[in-house]
Each structure stands twice: as C-alpha cells, then as structure tokens.
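Structure record follows, encoded as structure tokens.
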Amino acid sequence: MFSAFDLLVLSQIPQIGANRLRALVSHFGGTSFVFEASAREIAAVEGISRPLASSIVRSLRERRTAEARTFAERQLSKLNKAGGTIVTFWDQQYPDLLKKIYDPPPLLFARGDYHEEDALAIAVVGTRSPSAYGAALAEEFSSALARRGLVVVSGLARGIDTIAHGAALQAGGRTIAVVGSGLDVMYPPENRGLFGRIAGHGLVLSEYEMGAKPDAVNFPRRNRIISGLSLGTLIIETGLTGGAMITANAAIDQNREIFAVPGDVRSKRSHGCNVLIKEGRAKLVEGVDDIVVELGPKLPPLFGRSKGNRMDAGQTPPPDLTLFEKTVYDVLTIEPSHVDRLAEEAGLSTADVLVNLLSLEFKGLVKQLPGKLFMKK
Numbered sequence: 423m424f425s426a427f428d429l430l431v432l433s434q435i436p437q438i439g440a441n442r443l444r445a446l447v448s449h450f451g452g453t454s455f456v457f458e459a460s461a462r463e464i465a466a467v468e469g470i471s472r473p474l475a476s477s478i479v480r481s482l483r484e485r486r487t488a489e490a491r492t493f494a495e496r497q498l499s500k501l502n503k504a505g506g507t508i509v510t511f512w513d514q515q516y517p518d519l520l521k522k523i524y525d526p527p528p529l530l531f532a533r534g535d536y537h538e539e540d541a542l543a544i545a546v547v548g549t550r551s552p553s554a555y556g557a558a559l560a561e562e563f564s565s566a567l568a569r570r571g572l573v574v575v576s577g578l579a580r581g582i583d584t585i586a587h588g589a590a591l592q593a594g595g596r597t598i599a600v601v602g603s604g605l606d607v608m609y610p611p612e613n614r615g616l617f618g619r620i621a622g623h624g625l626v627l628s629e630y631e632m633g634a635k636p637d638a639v640n641f642p643r644r645n646r647i648i649s650g651l652s653l654g655t656l657i658i659e660t661g662l663t664g665g666a667m668i669t670a671n672a673a674i675d676q677n678r679e680i681f682a683v684p685g686d687v688r689s690k691r692s693h694g695c696n697v698l699i700k701e702g703r704a705k706l707v708e709g710v711d712d713i714v715v716e717l718g719p720k721l722p723p724l725f726g727r728s729k730g731n732r733m734d735a736g737q738t739p740p741p742d743l744t745l746f747e748k749t750v751y752d753v754l755t756i757e758p759s760h761v762d763r764l765a766e767e768a769g770l771s772t773a774d775v776l777v778n779l780l781s782l783e784f785k786g787l788v789k790q791l792p793g794k795l796f797m798k799k
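According to our numbering, the residues represented by the sequence shown are 423 to 799, in order.
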C-alpha cells in the first residue's frame, strides 16, 4: 500500500516536494492511489491548489514518470548492493519521535536495524575541532549514556560526532548516525570503518538518495533529523555558529530538551554552549545523572541501570521505587558488593548510592553487612 518504489518515483516529480509527498500519500491512504487520482481529487489535498494539481497530473501522465521509474529502479538496486533498506513514514519501524517534528522525511535510506530501544536516544553533537577538554567530555558522556541504556545519536562528522559514536560502541551501547550524503558516499572518508561498525551494531540513516554528494546545504537539514530522533540534545563544545548550534535550534523548535556543558569563557569553542546556558535555552549539565533526572518522566520504569547488570533470572522488580532507587537496586545481587563498586556500576556518586541504599534497606529490600557491603534480601 505504501510502496518505497512508488515513493521514489513520486519524489522525482518536480511539483512534489517532501511535504506534499507526505500529504498526498497520507490523504489517499497509499502510494498507488496518487497515480490514479484526478486533478480534482488531488486539489482536495490541503496545500495543493487546482492549478498545481493539474500540473502534477500532467507530470504523472507524461514521459517524466518513465524517467522517474528508471531512477527508482536504479536507487533500489544500489541500495540493495549496499545492504540497505528504505523505511517510509508509514512503516511501523519509522521512529515515532521523528514523526512528530514539523517536516519529517517521507522516506529514509537505512543501513542497520531500528530497535525499540532507539526511542530512548540522546543526540551528542559539537565542534569538528574539539579541545582536549571537549574530546574527553564527549567520550565520557557518550560512554556513560550508553552504559545507562540510552542510544547516542550524532552525525558521523569529524570531532565530537566521531568521538561520541566510538565511545558508545566501545561501551557496548547502540548508536545512530545521520549522514548528509548518500549511504554509498563516504564522508568523511576516514570514518569508513566507523560507518561499518555502526551499521553492524546500530543504525545509519540518510534522507538523501544513493550517490548524493555531501553538499554543504545538506547538513543543516540533516541536523533536524539528529534532534528529531532524540529526547534531548547534548552540546559538548561549539562556537556561536556551526552545525551544533543549528541542531540546538532545531531541537528547540521541536520542543525537545537541550543540554550543554559549560566551557572556558575565553575559548571560542565554548561560546555557543555558554550562551545557550546563559540565555536559558539549555540546561547546564555536569554529568549524565543531570540528563537522566531531567528526562525522568519520559523514561520507562526501571530505566537507568548500567548496561550488563541485569536482574537475576526470575526476580520481579519491586514496585514504588524512585528512578535512582531502581538504578541502585538493579546493580545489586544476592552476593555482597562494596558501595564503591555499586557506585561505579550504577554510574552514580558514592554519596548518592549510600542515600538510596539506606532507603532500600528501610524498605526491606537490601541487607547491609560490615565493611560497607550490601546485597539484595
């Protein structure tokens, strides 16, 4: 009913842009019906006038459609050879968060698989030439986000993007790369290996056709997808202009959370972050806990445990726990563990873990042993 082939054909009709394509197909309830519709029927679609509808019908009836079909066949052949697929706006696997933005792409070229957990994503973006401070923070935050079960979204660009993707994978997490070229056009070329790792253990997306070059105009539009896939966007280090600030503004337009790490007031690399914080457009964050707390209402129950520390088989999670109590409870086992080790596994400070351990002990869920050792009851 919603054919990727037909969508590719329709995308090549000059009068049909992305927004009209989405409106047309949604109005008629399928792609094939658009080809059969009369000018009067097409004019009933919101935003399409009768003269424009007549022009669309003429284009669909003319030789131009045959050329568009040839284009679609070649695109699908190239995508198949690259091991990719097309995800349309009407497919079940199309990301729900992305559907909610003002101008979601009607189709996405994809390498890898979309998982349900990808709905719990944070974008991590920043300058292509980070300082040692920025690079260290990008690695630290991305690794911690992955360990807490959040998916890291970025743009596969040099600098912060590359560090964020790599750190998430290294931590055993998932990451999504949104590129500004065709999936068969590697940019930057030195990230070919990283591209392959992400495609194998995450997802690479593009709204651009196979063979599309990484033109400068592509990247600002690409950035709205990065923020659109994410519950929030974390800006690590950026000047007052550039891609990271475009992503931040897109996130604001999409009513998504913005987080920023403060930086050296003397460094141009930090001006963007500092201004976002100063103007109240971004929340200052010093660690991943700040992000998790802010997103708390949007996260599912029992979210926040460190990756790799699952509940013992057969155990039922206790009810009525706070987010941090659940986080601490999930890293406990029936074997005694020192509070420092629990703090490391939970990704929390020792002081925070102790407070929550005492609360869990009061609720009869935890047993404390000498030497700051704790275990599940």
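Backbone N, C-alpha and C define an ideal beta-carbon position, used for all residues, glycine too.
What residue range does the alpha helix (DSSP H) around residue i cover?
i	result
L616	R614 to H623
K700	H693 to K700
L764	V761 to A768
L430	A426 to S433
T772	T772 to F784
I419	There is simply no residue 419 to check, as the chain begins at 423 and stops at 799 in what is shown.
Where residue i and residue j are concerned, what is the direct C-alpha to C-alpha distance, given to the nearest angstrom?
i	j	result
C695	G665	13 Å
R727	I585	Because the pLDDT at R727 is just 48, under 50, the model does not fix this residue reliably, and the value given afterwards should be weighed accordingly. The alpha-carbon atoms of R727 and I585 are separated by roughly 23 Å.
L782	L770	16 Å
R678	P642	17 Å
I391	K789	Outside the shown range of the chain (423 to 799) lies residue 391, about which nothing can therefore be said.
F424	A672	28 Å
L578	M667	16 Å
E539	G650	15 Å
N731	G556	Its pLDDT being 39, under 50, N731 is placed unreliably by the model, and the measurement read from it follows with that caveat. Going by the C-alpha atoms only, they are around 29 Å apart.
L605	A494	15 Å
V479	G602	31 Å
L717	L706	14 Å
K729	S454	Any reading at K729 must be qualified, since the residue scores a pLDDT of 48, below 50, and its modelled position is unreliable; the value itself is stated next. Roughly 45 Å between the two C-alpha positions.
T772	L764	8 Å
G624	K794	39 Å
M733	K720	Annotation note: pLDDT 36 at M733 (below 50); position unreliable, no value reported.
V753	A459	59 Å
S553	P792	45 Å
K798	D535	36 Å
S692	A532	33 Å
P611	L662	27 Å
T510	G451	13 Å
R550	D675	24 Å
Q515	V687	43 Å
L787	G685	41 Å
S499	G506	10 Å
T744	V777	12 Å
F796	D762	11 Å
Looking at residue j and residue i, is the spacing between their C-beta atoms short of 8 Å?
i	j	result
L430	I438	no
F681	T655	yes
V607	F617	no
I658	V775	no
L530	V573	no
L591	R619	yes
A560	G571	no
I435	A490	yes
I648	V710	no
P528	L520	no
A426	I508	yes
A670	A704	yes
G469	R496	no
A589	S565	yes
Specify, as a first and last residue, the run of the beta strand (DSSP E) that residue i falls within.
i	result
M797	L795 to K798
Q592	From DSSP, Q592 is part of no beta strand (DSSP E) but of the alpha helix (DSSP H) over I582 to Q592.
K748	No beta strand (DSSP E) contains K748, which is instead part of the alpha helix (DSSP H) from L745 to V753.
Name the DSSP bridge partner or partners of residue i?
i	result
T597	V574
G654	I544 and E679
Q790	F796
V626	R533 and A599
K705	F681
Segments assigned alpha helix (DSSP H), at least 4 residues, entirely inside the segment 506 to 555: 518 to 521
Unbroken stretches of the alpha helix (DSSP H), 4 residues or longer, contained in the segment 450 to 501: 454 to 458, 461 to 465 and 472 to 483
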